[in-house]
Amino acid sequence: MEFKELTDEQWLFIKPLLPPQPVVGRKRADDRKTINGILYVLVTGCRWREMPQCYGAYQTVWRRHKVWSEEGVWGKILAALQSKAYALGKLDMNTVTVDSTLIDSKKAVTHRDTMATRGVKA
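In the working numbering, the protein residues as written are 5 to 126.
This is how it looks when you write it as structure tokens:
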């Protein structure tokens with residue numbers, strides 16, 4: 005999957021869902037840059053410290069992701085996106101696909117089991 009930064013339209017949708025800037029103390033790093041940094045890491049799969057510097061310090065971006073996860077900010081954004089998609093007819097809850105792989109634990113064989121039957125010590 006190719007990474008693309010938030011568009012202006014996407015940013016305007018997400019911005020009101022974010023926690024407000026602190027009233028006292030130091031102003032936090034730019035939210036839009038930080039979210040783009042978080043999305044870059046999640047989409048590309050790179051390590052936090054490999055994130056491009058244009059999104060800010062990786063420690064700041066990682067910390068914001070952690071705090072927002074703990075505070076439920078991402079869940080709030082997801083719920084708002086789902087509601088909007090449903091209202092626009094882009095989300096149909098009548099069709100659901102479940103995909104899973106099941107293995108009977110009694111039939112599962114480990115490498116150690118096959119070696120034991122051949123007389124090889126593990």
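The C-beta atom is built at its ideal place from N, Cα and C for all residues, glycine as well.
Margin query: So for A61, helix, strand or coil by DSSP?
Written below: Taking the sequence shown and counting its residues from 1, the one referred to as residue 61 is at position 57. Three-state DSSP puts A61 in coil, outside helix and strand.
Next item on the list: Kindly list the residues whose CB is nearer than 8 Å to the CB of C50, restricted to its own chain and excluding five residues on each side of it in sequence; keep chain order.
Entry: Position 46 of the sequence shown, counted from the first residue, corresponds to residue 50. Taken in chain order, the residues that qualify are Y44.
Note to self: Can you confirm whether V45, when its beta carbon is compared against all beta carbons of chain C, has any partner nearer than 8 Å?
What the structure shows: The structure shown has no chain C; it contains just one protein chain.
Check: Which term fits M182, buried or exposed, when burial requires 16 or more other beta carbons within 10 angstroms of its beta carbon?
Finding: Missing from the structure shown is residue 182; the chain here goes from 5 to 126 and no further.
Margin query: Between V65, P23, D12 and E9, which has its C-alpha nearest K76's C-alpha?
Written below: In the sequence shown, the residue the question calls residue 76 occupies position 72. Here residue 76 turns out to be Gly, not Lys, going by the sequence shown. Ranking the options by Cα distance to G76, first place goes to P23.
Check: Given a threshold of 16 other Cβ atoms within 10 Å of its Cβ, counted over all protein chains shown, does R32 qualify as buried or as exposed?
Finding: For the purposes of this step, residue 32 is taken as residue 28 along the sequence shown, with counting starting at 1. When all chains shown are included, R32 counts as exposed.
Note to self: What does the alpha-carbon distance come out to for the pair L82 and M5?
What the structure shows: Counting from 1 along the sequence shown, the entry for residue 82 is found at position 78. Counting from 1 along the sequence shown, the entry for residue 5 is found at position 1. L82 and M5: Cα-Cα distance of roughly 19 Å.
Next item on the list: For the alpha helix (DSSP H) containing E54, list its first residue and its last residue.
Entry: On the sequence shown, position 50 is the one that residue 54 refers to. Here E54 belongs to no alpha helix (DSSP H), and DSSP marks it neither H nor E.
Note to self: Restricting to Cα atoms, I'd like to know which of T38, L46 and C58 is closest to R67.
What the structure shows: Position 63 of the sequence shown holds residue 67. The shortest Cα separation from R67 among T38, L46 and C58 belongs to T38.
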